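Asks:
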Amino acid sequence: MKHVILGALALVIASAVPSLAQTYRTEAREYRQEHRILRGAVRGDLTRQEMRQIERQQRRIDRSQWRAARDGYITPRERRRIERQQDRASRNIARKVRNGRYVY
């Protein structure tokens, strides 16, 4: 009986750890991107309109993450989709910060 309970407990823990790691990985990346956005805003590299566009894109990524995680498991396909969205967002942040427009 103990072996069955321990086996079931090990299975539950093993299945929960990858989903936590996936969430942590995307959350850490999102945190770094938010930091880049704020740094660009403080320096004056991002105009108000550019900030709005980037924030809207970040909200879309947040919604995608929520939809993917609401069933308790993020599939590899959902993970790839979120990572692609974050790749696009990262490129947009870099482009908008370095486009030569400044807030005076």
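Residue numbers for the sequence shown, in mature numbering (1 follows the signal peptide of the UniProt record, and there is no 0): -21 to -1, 1 to 83.
Using N, Cα and C, we set each Cβ at its ideal position, and we do this for glycine too.
The structure displayed is predicted, hence computed values, not measured ones.
Would you check if there are 3 or more beta carbon pairs closer than 8 Å linking the region 62 to 75 to the region 35 to 51?
Replies: Touching, yes, given that three or more Cβ pairs across the two stretches are closer than 8 Å.
Asks: How is N71 classed by DSSP in three states: helix, strand or coil?
Replies: The answer is helix: DSSP assigns N71 an H, G or I state.
Asks: By DSSP, does G23 sit in helix, in strand, or in coil?
Replies: Three-state result, G23: coil.
Asks: With 16 as the cutoff for other CB atoms within 10 Å, does G19 come out buried or exposed?
Replies: Buried, by the Cβ-count rule.
Asks: Note down, in chain order, each residue of its chain lying with its Cβ closer than 8 Å to the Cβ of A68, except the 5 sequence neighbours on either side.
Replies: The residues are Q12, I33, Q36, Q37, I40.
Asks: Tell me which same chain residues have a C-beta within less than 7 Å of the C-beta of R8, skipping the five on either side of it?
Replies: Closer than 7 Å at the Cβ level, and outside the excluded window around R8, lie Q65.
Asks: Looking at C-alpha atoms only, which residue of G51, Y52, M30 is the closest neighbour of R74?
Replies: Comparing Cα-Cα distances from R74 to each of G51, Y52, M30, the minimum goes to M30.
Asks: Could you give the C-beta distance for G23 and V76, rounded to a whole number, given that I count them as a contact under 8 Å?
Replies: Their Cβ separation, rounded to whole angstroms, is 10 Å, which puts G23 and V76 out of contact at 8 Å.
Asks: Taking the C-alpha atoms as reference points, what is the distance between W45 and E6?
Replies: Between W45 and E6, the C-alpha separation is close to 12 Å.
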